[in-house]
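Under the working numbering, residues 199 to 616 are what the sequence shown spells out, in order.
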Amino acid sequence: MLSHPEQLDRLQAACPEAAPTAVLAGDPCFDRMLAARSYRERFRNAFGVRRGQRFVVLNSTWNPDSLFGDAGEDVLPWLLPRLSAELPADEYRVAVVLHPNIWHGHGPGQIRAWLDRARRSGLALIDPLEDWRQALIAADAVIGDHGSVSYYAAALGVPVLLGAAPESGLDPLAPVSDFVRRAPRLDVYAPLLPQVASLLAGHQCLAGPKEFTTSLPGEAALRLRRLFYALVGVSEPPWPALLEPLPMPAYTPVSHTAPLRVLTRLLDGTDAVAVERYAAPVYEPVATGGAQAEAHTAVHEDTRDVSALGLADVIFREGSAEDPRWGGPARWTAEVLDMHRHCALAAFVTGPGECVARIRGGEVLRLLPGPDGPDPAACASALYARLAAGSSPDEIVAQGLTVRTGRTTHLVAVTTGE
């Protein structure tokens with residue numbers, strides 16, 4: 199079963215006896231992706247990608263030379279927390295797709311243990327059987343290796359960086375070998391943010407993957423059904439041959455339970471607040487462009503590093519306002535400020551587009567960025583910055599909050615009370 203005539207040429211050269219049995223049938227997997235491209239924004243919403251964010255998907259195939267392999271430097275487990283620490287959390291959403299054999303070979307518990315630090319920093323683990331195709335359609339950039347996921351991404355026109363690119367074991371005449379030779383490389387020892395930004399800014403599609411993934415786009419279902427019915431000697435049914443559409447992934451909200459170092463600055467001549475949040479950085483982060491910024495620490499109440507709660511300026515959590523475990527946002531925020539005397543602001547995120555914040559001193563404000571706005575917890579940090587700069591709660595309610603994350607400016611409504 200071949201997807202392109204060039205494969206038949208190589209089959210004839212390598213094993214001429216098998217060539218008469220070959221059938222050119224297209225690629226049903228790629229056809230499903232092509233048919234679902236119009237749902238890109240819906241897929242991005244499902245993966246928790248917010249307006250203005252870039253979605254970076256890492257992937258690894260399953261042989262020893264892969265990004266998650268053990269023949270080289272086993273790059274992926276220590277690369278993922280670096281990405282979470284070096285890429286601003288409100289500008290980048292990071293996810294990883296691992297080949298099913300990696301999950302089966304090591305076991306789900308071991309995989310989750312290896313990736314635990316990155317997951318607490320906001321990493322999303324993508325289902326390797328159902329949702330990886332949707333992740334490629336939603337992606338702004340892919341970091342991978344010589345496996346098929348990277349090749350499919352390039353065929354869809356997604357910028358690809360190769361973190362592992364062994365040429366041994368690949369047919370030098372195969373299109374994937376040409377792709378590995380020509381695709382840009384990730385320098386795992388250099389700062390990651392400039393490399394990702396450069397990839398996005400200077401992307402040029404490689405012609406090979408788009409040309410050689412399939413020579414029969416959209417025809418795989420028709421050709422495969424025709425072949426199967428012919429082999430068993432039965433007439434095809436009269437209705438069209440159709441592939442199962444890609445399902446909508448389950449909603450995967452972002453969760454940062456690792457402590458966040460937050461850089462804020464008031465933009466010149468305005469009350470707008472630029473916010474950059476970094477999850478569990480090893481070194482004190484520097485604001486984009488080297489701008490002067492104020493720093494504070496925001497910590498999720500469910501952090502594993504409980505000592506960080508005693509040092510947090512902002513403490514937050516997510517939950518339903520009706521959940522009896524918290525007693526409602528007003529009660530929870532009051533209890534947090536009572537328990538953690540250093541904390542200046544407690545924020546209860548009640549949904550993807552709203553949160554309730556209590557300021558030390560008693561004022562309760564409701565922040566309403568909306569589902570298309572920034573993370574409500576980031577808005578709580580912007581509120582903290584405005585208050586620290588001398589703005590009063592009444593001024594903020596009257597003006598609202600203007601929050602800048604990356605290149606995107608968001609207007610956030612603010613009201614009093616929960």
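Glycine residues also receive a C-beta, built at the ideal position from the N, C-alpha and C atoms.
Being a predicted model, the structure only gives us computed values, none of them experimental.
- Nearest to I335 by C-alpha distance, out of A456, R230, R523, P483, is R230.
- Following the DSSP letters along the chain, one finds F546 inside the beta strand (DSSP E) bounded by residues 543-549.
- When rounded, the separation of the alpha-carbon atoms in G250 and G604 is 7 Å.
- Secondary structure of S319 (DSSP, three-state): coil.
- CA-CA distance, C577 to L565, rounds to 7 Å.
- Each residue's CA atom was taken as its position, placing G355 and S366 some 26 Å apart.
- When C-beta atoms of the stretch 400-419 are compared with those of the stretch 364-378, three or more pairs fall below 8 Å, so the two segments count as touching.
- Here E520 is exposed. Its C-beta has fewer than 16 other C-beta atoms within 10 Å.
- Secondary-structure assignment with DSSP links A611 through a beta bridge to L566.
- Our two residues, G525 and Q402, have alpha carbons roughly 53 Å apart in a direct line.
- A direct Cα-Cα distance of roughly 45 Å separates R315 from L222.
- When DSSP states are grouped into helix, strand and coil, S589 belongs to the coil group.
- Across the structure, P572 and R248 are spaced so that their CA atoms are roughly 7 Å apart.
- DSSP places V356 in no beta strand (DSSP E); its state is neither H nor E.
- Beta-bridge analysis with DSSP links S258 to L296.
- Around the C-beta of C553, 16 or more other C-beta atoms lie within 10 Å, and the residue is accordingly described as buried.
- Taken atom to atom, the span from the alpha-carbon of R280 to that of P479 is near 8 Å.
- Annotated three-state conformation of E492 is strand, per DSSP.
- Taking Y290 as reference, the option from A419, Y427, V452 with the minimal CA-CA separation is V452.
- Contact annotation: the stretch 254-262 touches the stretch 293-306, with at least three C-beta pairs closer than 8 Å.
- One thing to note: L444 has its Cβ no nearer than 9 Å to the Cβ of A491.
- Counting every other CB atom within 10 Å of its CB across the protein chains shown gives Y481 a total below 16, marking it as exposed.
- Residue burial is scored here from C-beta neighbours: S201 has at least 16 other C-beta atoms within 10 angstroms and is therefore classed as buried.
- Separation of R602 and R235 (C-alpha to C-alpha, rounded to the nearest whole angstrom) is 29 Å.
- Within the DSSP secondary-structure output, H498 pairs in a beta bridge with F514.
- In the structure shown, G559 falls within a coil segment according to DSSP collapsed to helix, strand and coil.
- Going by beta carbons, L420 and A339 fall outside the 9 Å limit.
- Secondary structure at C553: strand, using DSSP grouped into helix, strand and coil.
- By alpha-carbon distance to R240, the top candidate from P203, L206, D207, A448 is A448.
- About 7 Å separates the Cβ atoms of L507 and T501, confirming a contact at the 8 Å cut-off.
- The Cβ atoms of A470 and T613 do not sit closer than 9 Å to each other.
- Annotation for Y387: no beta strand (DSSP E) segment contains it, and DSSP assigns it neither H nor E.
- The shortest CA-to-CA distance from G487 to any of T495, S413, V497, E474 is the one to E474.
- As a beta-bridge residue in DSSP terms, I341 pairs with L256, L359.
- If you draw a 10 Å sphere on the C-beta of H498, you find 16 or more other C-beta atoms in it, and that means buried.
- In the DSSP assignment, L441 falls outside any alpha helix (DSSP H), carrying neither H nor E.
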